[in-house]
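**Student:**
In structure tokens, the structure reads:
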């Protein structure tokens, strides 16, 4: 489906080069192209340099909670039809479905791209009136067509009647967003089915590949991102990448891209589709079952069954479903990016307009339950969802199904609010009663919104929300001792056991921090008036065993690696590295080797790391797919299995000196990434993990 954009670092040539027809790059610009071999050494640092967005940068995005996604391009003109036939599936994947030469696709649709009804103000007003805080528009999808005048290719806006008439839709949208106070985001596809240098080709693409150069394509892709983010389209709030799965972050040079974009557009946000974790996750057309721990997220979702406009797709979600989706997402600390697919003439069709209007009408009445709100630490009710304001003084009971007795119960709120009101029916009386850890709310007579009615519950301070105990002190791995501490509950008391038994109301009551000097399994639970609330807290806090270091300096700098082809679902045993077809080599840092299969391999990296300070070291493995880390024979990180680009951290108490380590990694298909980061005893508490300096890495020669 989708994509985003970015800018080029100063180390990258100033514009893209090209080998195929239709490029606008000069010979001088072409001469700056670098080869893949030149960049192989970047593998080890591919995921650690660009700092993630700050909490301040994310504030507006979290506060908005709702945005508009726009899929619009050449495929919108076709509207899901080709040569008189209805083409099933996503409209923006038309080229991949009809399987024609890209020049035929472009030659057919570009002369027809003349959206005379495009009105940037109308688009942005529709988003704002629907309660949306941002609009993310496709600037280039997988078909390779660019919605702006680019110096890198002729497959762009200037090859259409619309562009030749002097129209500039991205600039017009930027100006409209500025006028109406809506943030502008840009989608950009890394994958490109039309560019003559992009590899791999589709199975139906018969163009020769002997002159294609993926490195040259990446240069051109970077230049396109630079054009989008150099200020010609104003301030860009989001760069929404897509189509990254066919190559690694190393191949895309994604780290350099992100760093340069942040220099050009401070505060910009990246999604997670650059073969890197980015600033937030993007589940597609689905809503997670609950919060994503320590990870901002945003569900992107269609209104019907496709992203780009398809005239024969009538699978429209009811407006009530869209509203309830929004509430469900916010109740789980997520954002909702709702898609529209404008027609080829630039207008919105009636089903889209009607749904945006219904969403806007609901938001005008109930928006305080959405904007700036997040989850509530209570059990999910059967009658609807709960959200809380940023200051935590207001809880919203969003009712989907009101029981016949017009009474709902919230388990986990142990006190009545100071005030309560129904947002869409302020004349309805609201009575509340707290009993133990539960709050009952009864509505008087009167009609309420059958889709989602909001009862706002307000306290003069923080509401007495009780649930699973929250640990605020105690190290999961400690050297000599640690202080176990819990945040005081809003009501009731926490009862704790240190012998692995489940706490009861008769278990010891937590009052002050508990000193632990040995490995202990801790369990805790909150009780209000003798009634257990929420789930038990469970953790094992381990006393560290020192791993001694060595004074013997390994002979060679860097690390060694072995690679074997094959399909692996789990990290294999060492026997796998004896397979036929094994490759070996060395690298200056930890990462994917520059020469490797596109998919389907296992990798083993061996080396020694020098610890300059004795104490607790935290090691973070970032990988796509599975990986494990052993230090001096002990498993420190088990990040095994098939998954996307994510990170996992483990800790070890390492003494001063050299320590042997082994990383095992598998790549099945799609995206690929591997990096090892750490924090050491000399780092400040809370410091982000960083790359291990190459000077601290050595290895033994292969035998």
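In the numbering used here, the protein residues as written are 545 to 1247. C-beta atoms are modelled at their ideal positions from N, C-alpha and C, and glycine is treated no differently.
Taking the continuous alpha helix (DSSP H) assigned at residue 706, which residues delimit it?
**Tutor:** As a first step, residue 706 is located in the chain shown; it is residue number 162 there, counting from the start. Start and end: 705–708.
**Student:** Exposed or buried, what is residue 1056 when buried is set at 16 or more other beta-carbons lying within 10 Å of its beta-carbon?
**Tutor:** Taking the first residue of the chain shown as position 1, residue 1056 is located at position 512. Classification for residue 1056: exposed.
**Student:** Taking the C-alpha atoms as reference points, what is the distance between residue 1245 and residue 1133?
**Tutor:** Position 701 of the chain shown, counting from 1, holds the residue named residue 1245. Position 589 of the chain shown, counting from 1, holds the residue named residue 1133. Looking at the two C-alpha atoms, the distance is approximately 15 Å.
**Student:** Output needed for residue 1227: all residues of its chain with C-beta closer than 6 Å, excluding positions within five of it in sequence on either side, in chain order.
**Tutor:** Taking the chain shown and counting its residues from 1, the one referred to as residue 1227 is at position 683. Within the same chain, residue 1227 has no close Cβ partners at all.
**Student:** Enumerated in chain order, which unbroken segments of the beta strand (DSSP E) with a length of 3 residues or greater are wholly contained in the stretch 921–1009?
**Tutor:** Counting only runs of 3 or more, we get 928–932, 938–943, 951–955, 963–966, 974–979, 982–987, 997–1002.
**Student:** Is it a yes or a no for the stretch 616–631 touching the stretch 895–908, going by three-plus beta-carbon pairs under 8 Å?
**Tutor:** Verdict: no, contact absent.
**Student:** Skipping 5 residues on each side, what residues in its chain have a beta carbon closer than 6 Å to that of residue 778?
**Tutor:** Taking the chain shown and counting its residues from 1, one reaches residue 778 at position 234. Only 718 meet the Cβ criterion.
**Student:** Would you decide whether residue 1233 is buried or exposed? Buried here means 16 or more other CB atoms lie within 10 Å of its CB.
**Tutor:** Here residue 1233 refers to the residue found at position 689 of the chain shown. Buried, by the Cβ-count rule.
**Student:** How is residue 1244 classed by DSSP in three states: helix, strand or coil?
**Tutor:** If you number the chain shown from 1, residue 1244 lands on position 700. Coil, per DSSP.
**Student:** If we ignore side chains and look at the alpha-carbon of each, how far apart do residue 1044 and residue 1059 end up?
**Tutor:** For the purposes of this step, residue 1044 is identified with residue 500 of the chain shown, where counting begins at 1. For the purposes of this step, residue 1059 is identified with residue 515 of the chain shown, where counting begins at 1. Looking at the two C-alpha atoms, the distance is approximately 17 Å.
**Student:** Between 1211, 1204, 1145, which has its C-alpha nearest residue 1170's C-alpha?
**Tutor:** Mapped onto the chain shown, residue 1170 falls at position 626. Considering only alpha carbons, the answer is 1211.
**Student:** Nearest to residue 1042 by alpha carbon, out of 1036, 1048, 1064?
**Tutor:** The sequence position of residue 1042 within the chain shown is 498, counting from 1. Residue 1042 has its Cα closest to that of 1064, out of 1036, 1048, 1064.
**Student:** According to DSSP, simplified to helix, strand and coil, what is residue 766?
**Tutor:** Residue mapping note: residue 766 aligns to position 222 of the chain shown, counting from 1. The answer is helix: DSSP assigns residue 766 an H, G or I state.
**Student:** From what residue to what residue does the beta strand (DSSP E) around residue 638 run?
**Tutor:** Within the chain shown, numbered from 1, the residue matching residue 638 stands at position 94. Premise fails: residue 638 lies in the alpha helix (DSSP H), 638–642, not in any beta strand (DSSP E).
**Student:** Would you report the Cα separation of residue 950 and residue 988, rounded to the nearest angstrom?
**Tutor:** Counted from its first residue, the chain shown places residue 950 at position 406. Counted from its first residue, the chain shown places residue 988 at position 444. Near 8 Å, if we compare the C-alpha coordinates of residue 988 and residue 950.
**Student:** With a threshold of 16 other CB atoms inside 10 Å of the CB of residue 1105, please say whether the residue is buried or exposed.
**Tutor:** In the chain shown, counting from the first residue as 1, residue 1105 sits at position 561. Buried, since its Cβ has 16 or more Cβ neighbours within 10 Å.
**Student:** Looking only at its own chain, which residues have a Cβ that is under 6 Å from the Cβ of residue 749, when we skip the five neighbours before and after it?
**Tutor:** Within the chain shown, residue 749 is the residue found at index 205, counting from 1. Here the set comprises nothing.
**Student:** Pick from 1166, 1014, 954, 812: whose alpha carbon is nearest that of residue 986?
**Tutor:** The residue you call residue 986 lines up with position 442 of the chain shown. Residue 986 has its Cα closest to that of 954, out of 1166, 1014, 954, 812.
**Student:** Which two residues bound the contiguous beta strand (DSSP E) that contains residue 731?
**Tutor:** As a position in the chain shown, residue 731 is number 187, starting the count at 1. It spans 727–733 - the beta strand (DSSP E) in which residue 731 sits, taken as one unbroken run.
**Student:** So the beta strand (DSSP E) residue 715 belongs to, where does it begin and stop?
**Tutor:** Position 171 of the chain shown, counted from the start, is the residue given in the question as residue 715. That residue, residue 715, is in no beta strand (DSSP E); its alpha helix (DSSP H) goes 713–724.
**Student:** In chain order, what residues of the same chain lie with their CB nearer than 6 Å to the CB of residue 1086, ignoring the 5 residues before and after it?
**Tutor:** Stepping through the chain shown from its first residue, residue 1086 is reached at position 542. So the list reads 1021, 1063, once near-sequence residues are dropped.
**Student:** Using the beta-carbon count (16 or more within 10 Å), is residue 591 buried or exposed?
**Tutor:** Walking along the chain shown from the start, residue 591 turns up at place 47. Because residue 591 carries a pLDDT of 37, less than 50, the predicted location of this residue cannot be relied on, and no value is offered for it.
**Student:** State the start and end residues of the unbroken beta strand (DSSP E) segment that holds residue 684.
**Tutor:** Here residue 684 refers to the residue found at position 140 of the chain shown. Taken as a continuous stretch (DSSP letters only), the beta strand (DSSP E) holding residue 684 covers 678–684.
**Student:** Can you give the Cα-Cα distance for residue 702 and residue 875, rounded to whole angstroms?
**Tutor:** Taking the first residue of the chain shown as position 1, residue 702 is located at position 158. Taking the first residue of the chain shown as position 1, residue 875 is located at position 331. Their Cα atoms are separated by approximately 45 Å.
**Student:** For residue 730, tell me which candidate among 781, 1093, 908 has the shortest Cα-Cα distance.
**Tutor:** One-based indexing of the chain shown puts residue 730 at position 186. Comparing Cα-Cα distances from residue 730 to each of 781, 1093, 908, the minimum goes to 781.
**Student:** Is there a Cβ of chain D sitting closer than 8 Å to that of residue 957, yes or no?
**Tutor:** Chain labels in this structure do not include chain D; a single protein chain is all it has.
**Student:** Which value, in whole angstroms, describes the spacing of the CA atoms of residue 1129 and residue 1136?
**Tutor:** Residue 1129 sits at position 585 when you count from the first residue of the chain shown. Residue 1136 sits at position 592 when you count from the first residue of the chain shown. Residue 1129 and residue 1136: Cα-Cα distance of roughly 11 Å.
**Student:** Identify whether residue 1029 lies in helix, strand or coil by the three-state DSSP scheme.
**Tutor:** Numbered from its first residue, the chain shown carries residue 1029 at position 485. Three-state result, residue 1029: strand.
**Student:** What residue range does the alpha helix (DSSP H) around residue 494 cover?
**Tutor:** For the chain, the structure presents residues 545 to 1247; residue 494 sits outside this window and is missing.
**Student:** Any idea if residue 826 is buried or exposed, counting beta-carbon neighbours within 10 angstroms, 16 or more meaning buried?
**Tutor:** What you label residue 826 is simply residue 282 of the chain shown in a count that begins at 1. With 16 or more Cβ atoms within 10 Å of its Cβ, residue 826 is classed as buried.
**Student:** So, at 7 Å on beta carbons, what are the nonlocal neighbours of residue 977 in its own chain, with the 5 sequence-adjacent residues on each side left out?
**Tutor:** Your numbering for residue 977 matches position 433 in the chain shown. For residue 977, where only same-chain residues beyond five positions count, the Cβ hits under 7 Å are 960, 984.
**Student:** Return helix, strand or coil for residue 1134, following the three-state DSSP convention.
**Tutor:** By one-based count along the chain shown, residue 1134 stands at place 590. Three-state DSSP puts residue 1134 in coil, outside helix and strand.
**Student:** How would you label residue 603, buried or exposed, when you count the other beta carbons within 10 angstroms and need 16 or more for buried?
**Tutor:** Your numbering for residue 603 matches position 59 in the chain shown. Looking at its Cβ environment, which holds fewer than 16 other Cβ atoms inside 10 Å, residue 603 is exposed.
**Student:** Ignore the nearest five residues each way along the sequence and tell me which others in residue 670's own chain have a CB closer than 6 Å to its CB.
**Tutor:** Counting from 1 along the chain shown, the entry for residue 670 is found at position 126. Taken in chain order, the residues that qualify are 900.
**Student:** Quick check on the burial criterion: 16 or more other C-beta atoms within 10 angstroms. Buried or exposed for residue 1236?
**Tutor:** What you label residue 1236 is simply residue 692 of the chain shown in a count that begins at 1. With 16 or more other Cβ atoms within 10 Å, it is buried.
**Student:** Residue 1208 lies in the beta strand (DSSP E); which residues open and close that run?
**Tutor:** Taking the first residue of the chain shown as 1, we reach residue 1208 at position 664. Run containing residue 1208: 1201–1211, per the beta strand (DSSP E) assignment.
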